[in-house]
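Numbered per my numbering, the sequence shown finishes at 132, counting up by one with no gaps. Below: the structure, in C-alpha cells.
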Amino acid sequence: MEKNQYSIFESELRVRPDDIDMFNHVHNSKYLDYVLAARYEQMEKFYGMPWEHFTKQGLGWVVSRVDISFKRPLLMNDLMLIRTGILTMHEKGCSVQFEIINKKTNKVASDGIFDYVLIDLNTNRGTKVTEEMIKAYSI
C-alpha cells in the first residue's frame, strides 16, 4: 500500500461457509464485502465518525468505482487482515486503497482501490466534503 499523510488501519475477519463458491474458495464478490465491513468498523473505531454520523446529517458515502486485483485465493476458515487507508481526498469524495492479507501465509490475496462519493441523501447528488471530515480523515 502507498504510504501518505493518511493513516492505514487494520481489521480482521474470518472466511465463513457462505463466502465459499463452487470452486471451494471465496467468491470474488465477497472481497468487496470484506473491504466494506472493514471500512465500516474503522470509520467508527479510528476516525470517530461512524456511518450514522453521516446519515444523521443527511449524507452518505457511495462507491462510484472499484479497481480490484485478485492475487491468491482465500479458503474456508482463513483468517484475513484487511488494511485500508485513504489514498486521496477531493472535493466530493475520496479514494481508499486496500489489501487483504491471508494471515496464515502473510501474502496478499487481493488489493485495489475504492472510489467513494459523498452524497446528499435528500437529492442523491454529490456534495462537498467538509473541513471537519478532511480533518478527521487526516490522522
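In this text, a Cβ means the ideal position worked out from N, Cα and C, and glycines have one as well.
- For residue -1, no beta strand (DSSP E) segment is defined, and its DSSP state is neither H nor E.
- Distance from the CA atom of residue 46 to the CA atom of residue 36, rounded to whole angstroms, is 10 Å.
- Around the CB of residue 73, 16 or more other CB atoms lie within 10 Å, so the residue is classed as buried.
- In the three-state reduction of the DSSP assignment, residue 121 falls in the coil class.
- DSSP places residue 22 inside the alpha helix (DSSP H), whose first and last residues are 21 to 38.
- Judged by DSSP in its simplified three-state form, residue 73 adopts strand.
- Look at residue 98 here: in three-state DSSP terms it is coil, with no helix or strand label.
- When DSSP states are grouped into helix, strand and coil, residue 16 belongs to the coil group.
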